[in-house]
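Residue numbers (our numbering): 18 to 342. One structure is given here, and the rest of the page talks about it.
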């Protein structure tokens, strides 16, 4: 082999040598149990999804073990702080929602920067919010709702599960986009917000489709519109706000984040394994039962959505002076 040929071969091999340790590390991962830390109490959609994915990965990846650890508190900040400070060894991940981004934006006492301290891995599921009314509410469409909201002004009341929740910010965003000014009434969670609607304490509730699902199925409540860009395959009869208010889109996602310095090869491997789980029909059916859809697009798509949410909700918080602490 000539000197020139040997040099050319060396140049071609160099990138493979650089990738080698990362690939080997990802193939050997995980040598110990992996924790999915959930910033919510047991029983909610994010907790259920984290447990479903952990069980599927344990079953799928021979010799691997995935466990869920609940660390609720401070709108997911307890869990986020814990994961951000964990060793970046691919053994600790955060399963969370936009709540982690929003809680930092609205709370001056937050101790981490989620854009620097945490790395997006994979979006597992996403679901829109919905404007929910009782069956006898006079407005049945978005145009009718907007007309009624403009006529009633602050006399129209909309419940949500707490100041600074995505449901709250989404209604603030809609109000700015449409010029309406309803009174937004905070409650201490999703179920209390829906209960208030059922009791007639408020005119409307802004929530997902999963919490009021029994009442929706019974016809006691109905969804006027959802906040996804397109109609849901499982609920094609429910219009979107975007059909009347172009550009209005709010998605409540659930996904995995990692300590920022976790090796990219491990993040790629976990994303690939979770994507395979999300293609399983029983998992798709479970997610659609929550009124959502499986995440798509891998790490890159989730990173874009994560950054876009940070920008969107940061702008809403700043422009409206929303603070919780």
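By construction, the Cβ of each residue, glycine as well, lies at the ideal position given by its N, Cα and C atoms.
query, result
"In whole angstroms, what is the alpha-carbon distance linking residue 162 and residue 149?", "11 Å"
"In terms of alpha-carbon separation, which member of 88, 277, 252 lies closest to residue 307?", "252"
"Count the other CB atoms within 10 Å of the CB of residue 35; is the residue buried (16 or more) or exposed (fewer)?", "Because residue 35 sits at a pLDDT of 48, beneath the cut-off of 50, its placement in the model cannot be relied upon, and the following sentence gives the value as read from the coordinates. Exposed, because fewer than 16 other Cβ atoms sit within 10 Å of the Cβ of residue 35."
"When DSSP builds the beta bridges, which residues end up paired with residue 268?", "145"
"Indicate the three-state DSSP secondary structure (helix, strand or coil) for residue 87 in the structure shown.", "strand"
"In the DSSP assignment, find the unbroken alpha helix (DSSP H) run with residue 191 in it and report its ends.", "183-195"
"Counting C-beta neighbours from all protein chains within 10 Å, is the total for residue 136 16 or more, i.e. buried, or is it exposed?", "buried"
"In this structure, what does DSSP give as the bridge partners for residue 224?", "147"
"Roughly how many angstroms lie between the CA atoms of residue 128 and residue 117, to the nearest whole one?", "12 Å"
"Does the beta-carbon distance from residue 270 to residue 143 come in below 8 Å?", "yes"
"Determine the extent of the alpha helix (DSSP H) in which residue 162 is found, giving its start and end residues.", "159-169"
"Since residue 358 sits in a beta bridge, which residues does DSSP pair it with?", "What the structure shows of the chain is the stretch from 18 to 342, and residue 358 is not part of that stretch, so it cannot be assessed."
"Within a Cβ cutoff of 7 Å, which residues of the same chain sit near residue 170, ignoring the five residues on either side of it in sequence?", "198"
"Taking the alpha-carbon positions, what's the residue 235 to residue 304 distance?", "21 Å"
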